[in-house]
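Scroll down for the structure; my scribbles are underneath it.
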Amino acid sequence: MKVTIVGAGAVGASCAEYIAIKNFASEVVLLDIKEGYAEGKAMDLMQCASLNGFDTKITGVTNDYSKTANSNICVITSGIPRKPGMTREELIGINAGIVKTVANNLIEHSPNTIMIVVSNPMDTMTYLVHKSTNLPKNRIIGMGGALDSARFKYRLAEALNAPISDIDGMVIGGHSDTGMVPLTSHATRNSVRVSEFLSEERLNQVKEDTKVGGATLTKLLGTSAWYAPGAAVSGLVQAIACDQKKMFPCSTFLEGEYGLNDICIGVPVILGKDGIEKIVDVPLSDAEKNHLKSSAEGVTKTNGLLEL
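Numbering-wise, the numbering used here puts 870 at position 265 of the sequence shown, and it's gapless, one number per residue.
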C-alpha cells in the first residue's frame with residue numbers, strides 16, 4: 606500500500622506521522638515544492654520509527670511526481686493555510702490553482718488512485734478536482750466532515766463531562782464556520798441521546814463551538830490546526846487501505862442525494878477499498894434539513910468563484 610501526501614507542512618507531516626504509526630502502509634511519499642523540506646520532514650519522521658515501532662517507509666521528495674507513481678491513495682494538503690480572521694473561502698484564489706495542478710500531476714503518475722482533498726475551501730477544492738479530472742466520483746473524497754465530527758464529539762464530551770469514548774456524533778454539510786450541520790438529533794452517549802443529558806441551550810452552544818472549532822484554533826495558534834486534521838486524514842486512509850467499510854461524513858459529489866445536485870458537500874458515506882462505496886441516507890430534523898440547504902447554497906456560491 607503506497608500513500609502520497611502533497612504538502613509537507615504541519616498538516617501533511619501529521620498525516621504522514623499518523624499513517625506511519627498505524628503501520629498499515631508499506632510506503633508514504635511526502636512531496637513539497639520547497640527544496641529539501643519534504644526530505645527533512647521524512648528523515649525526522651523515519652528517525653521515530655524505532656522509537657514508535659513502525660516499519661512504514663517515509664520518503665521525502667522535492668516536486669518530483671515520478672516518485673509518487675502507482676500510489677493507491679493520494680492526499681492533497683498543499684495550499685496556503687488560514688491566518689487569524691480569515692475564512693476558508695478567502696483562500697480560493699491561490700489554492701484553486703495549486704490543487705488543480707497537483708491533482709493532475711498525481712493522476713498522470715497514478716491513474717487508479719483514490720484522492721483525498723484537505724486544502725481549503727475544502728468542499729470547493731473537492732468539486733474542482735471532480736470537474737478538472739477524469740477520476741470517478743467514488744475516488745474523490747473531501748476530508749472535512751471527519752475532522753468536524755471529531756471536534757463535535759470533543760465539545761459534547763466537554764459539555765457532558767464524559768469520556769470521548771462514550772460519545773458518538775456526526776457533522777454534515779459544508780466545511781465552513783457557517784456551513785457545518787452538527788447532527789444533535791443523532792448524537793448519543795452510549796446509545797442514549799445527548800438531549801437526555803443536556804438542555805437545548807447547552808446543545809446549541811455545543812453546535813456553535815463546533816462550527817467555529819477551526820477558527821478558534823487559528824486564533825490561538827496563529828495558523829491552521831494540524832494534529833486533528835492529520836488524524837482525520839489517517840482515519841480515512843486506513844478505512845480505504847484496510848477495506849474497513851467504516852462510515853465517515855465526507856465531502857462527495859451528489860446527484861440527487863439529500864435533494865442536492867452538482868455539488869460536493871459533507872454527507873455520511875461508507876469507505877472501503879474502492880473509496881466511497883455508498884452514500885448513507887440518514888433522517889434529518891426539519892431544522893437540520895434547512896441548515897443543510899443553506900449550507901449547500903453557501904458552497905455553491907463559493908464554487909461560482911472557480912474558473913473551470
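Beta carbons are placed, not taken as given, at the ideal position from N, Cα and C, and that holds for glycine.
Q.
Tell me the rounded alpha-carbon separation between K914 and I719.
A. The structure shown does not extend to residue 914, since the chain spans only 606 to 913, so no value can be given for it.
Q) Alpha carbon to alpha carbon, how far is T793 from D773? A) 5 Å
(Q) Using only the alpha-carbon positions, how far apart do D669 and T821 sit? (A) 36 Å
(Q) Quick check on the burial criterion: 16 or more other C-beta atoms within 10 angstroms. Buried or exposed for P787? (A) buried
(Q) So, with DSSP's three-state summary, where would you put I638? (A) coil
(Q) Can you tell me whether A892 is buried or exposed? The criterion is at least 16 other CB atoms within 10 Å of its CB, across all chains shown. (A) exposed
Q.
Could you pull the DSSP bridge partners for R744 from this structure?
A. Answer is none; R744 lacks a bridge partner.
Q) Nearest CA to the CA of L913: which residue from T706, I875, A762 and K672? A) T706
Q: Would you check if the stretch 824-840 and the stretch 617-625 touch, i.e. whether three or more CB-CB distances between them fall below 8 Å?
A: yes
Q.
Please state the DSSP three-state secondary structure of V834.
A. Checking the sequence, you will find Pro at residue 834 rather than Val. Three-state result, P834: helix.
Q. Smallest Cα separation from L761: which of A615, A708 and K816?
A. K816
**Q.** Closest residue to I746 among T731, S754 and L752 (Cα-Cα distance)
**A.** T731
(Q) Spatial neighbours of A997 within its chain, please: C-beta separation below 6 Å, excluding the five flanking residues on both sides. (A) The structure shown does not extend to residue 997, since the chain spans only 606 to 913, so no value can be given for it.
Q) Going along the chain, which residues of its own chain have a beta-carbon closer than 8 Å to the beta-carbon of E882, five neighbours each way excluded? A) N743, K850, V874, I875 and L876
**Q.** Whole-angstrom C-beta distance between V734 and K672, which should lie under 8 Å
**A.** Not really, about 21 Å apart at Cβ, beyond 8 Å.
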